[in-house]
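A short worksheet on the structure shown next.
Residue numbers (full-length UniProt numbering): 1 to 340.
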């Protein structure tokens, strides 16, 4: 009764494992196919050591550890989840079992695995991962679907290459002879990611040109005006105080197009000829003051008018003082300004 129950339980477990494997394969393969255009695919391999558990009922003949190697193909859905299909060579071994009697199995052990891979990035270079899925194991005529799981770590060398260390467990392989045999695979290897690192294009910084209001040129006319009057002593052409010429100098410096007329006058003391010469000297003395302050001679018109154009009566002392003068006149001129 007990052997029959064990057989029924074994067959039931196999049917369940097959359904799980088919479901996992359908989901993962469907995801890969549906995203093949955008696939982030990688492949890799590893070599190492495989050890069998519960593989030897008797100590002889028994060889339950061996060199092992594997290849895998993977697809990354994102940096946390991937799917991997693996072909694992788990070595050449000799084992014996008491099912149904004492039997020996001698040969190579293979496994085809399909499992989701869950990543835990620690840094830009280091990643821990775990896999839980299904494996189809083959040893000669012995075959079985079994659960499999693994733990591992990866070190990213560059965009394409990474190193990998992994421990993988295959749980409870059973068939006609083999009964509840486990397999532990310790391996180190590599991953190669297809494609090339995306080129990060720097976003062009658009220069912000500050909007400036439109400008226009406006024409103006500076009106003619007498800007200074210099008084002189009787029969003198000496300029005693030139301070009142500074305003005219500033105006001439501000407007390079401005000209200045310097005209000398006298009272009626003395002859007309003498007074004419004296007023020319007085005008020349004022012109010299302008030149000393940086005003070019070609911008000045200098003349003496003698007794002409009195501004007061020559019959009084005060009136004669007012008539002994040089008038500084800036004629009207045009200039332009820029306005918004």
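Think of the CB as a built atom: it goes at the ideal place given N, C-alpha and C, for glycine as much as any other residue.
Beta-carbon proximity of residue i to residue j, cut-off 9 Å
i	j	result
residue 222	residue 332	yes
residue 322	residue 231	yes
residue 45	residue 68	no
residue 73	residue 185	no
residue 304	residue 320	no
residue 241	residue 324	no
residue 187	residue 75	no
residue 64	residue 168	no
residue 149	residue 165	no
residue 189	residue 139	no
residue 226	residue 329	yes
residue 191	residue 43	yes
residue 275	residue 307	yes
residue 56	residue 95	yes
residue 326	residue 293	no
residue 156	residue 180	no
residue 81	residue 119	yes
residue 113	residue 134	yes
Reduced DSSP secondary structure (H/G/I, E/B, other) of residue i
i	result
residue 77	coil
residue 2	In this prediction, residue 2 scores a pLDDT of 39, lower than 50, which makes its location untrustworthy; no coordinate-derived value is stated.
residue 244	helix
residue 349	No answer is possible for residue 349: it lies beyond the span of the chain, which begins at 1 and ends at 340.
residue 63	strand
residue 202	coil
residue 53	strand
residue 292	helix
residue 23	For residue 23, the pLDDT reaches just 46, beneath the cut-off of 50, and the residue's location in the model is therefore unreliable, although a value from the coordinates is still provided. Reduced to three states, the DSSP call for residue 23 is helix.
residue 175	coil
residue 193	strand
residue 84	strand
residue 209	coil
residue 249	helix
residue 323	helix
residue 298	helix
residue 287	helix
residue 259	coil
residue 264	strand
residue 312	coil
residue 269	coil
residue 215	coil
Spatial distance of residue i from residue j (CA atoms)
i	j	result
residue 334	residue 260	14 Å
residue 52	residue 182	6 Å
residue 216	residue 209	20 Å
residue 236	residue 254	32 Å
residue 145	residue 115	13 Å
residue 238	residue 245	15 Å
residue 40	residue 174	36 Å
residue 104	residue 78	46 Å
residue 315	residue 273	20 Å
residue 132	residue 203	43 Å
residue 309	residue 338	40 Å
residue 220	residue 284	31 Å
residue 142	residue 193	35 Å
residue 290	residue 318	28 Å
residue 137	residue 109	7 Å
residue 336	residue 218	5 Å
residue 61	residue 130	35 Å
residue 257	residue 228	19 Å
residue 199	residue 147	41 Å
residue 47	residue 206	54 Å
residue 58	residue 66	18 Å
residue 154	residue 201	29 Å
residue 286	residue 298	15 Å
residue 159	residue 197	6 Å
residue 214	residue 278	55 Å
Beta-bridge partners of residue i, as assigned by DSSP
i	result
residue 277	Residue 277 pairs with nothing; no bridge assigned.
residue 108	92
residue 128	120, 153
residue 337	218
residue 147	134
Buried versus exposed, by CB contacts within 10 Å (16 or more), residue i
i	result
residue 37	In this predicted model, residue 37 has a pLDDT of only 41, less than 50, meaning its place in the structure is not dependable enough to derive any value.
residue 162	buried
residue 267	buried
residue 92	exposed
residue 27	With a pLDDT of only 45 at residue 27, under the threshold of 50, the placement of this residue in the model should not be trusted, and no figure is reported.
Minimum Cβ-Cβ distance from residue i to chain D less than 9 Å
i	result
residue 291	This model lacks chain D altogether, as it is built from one protein chain only.
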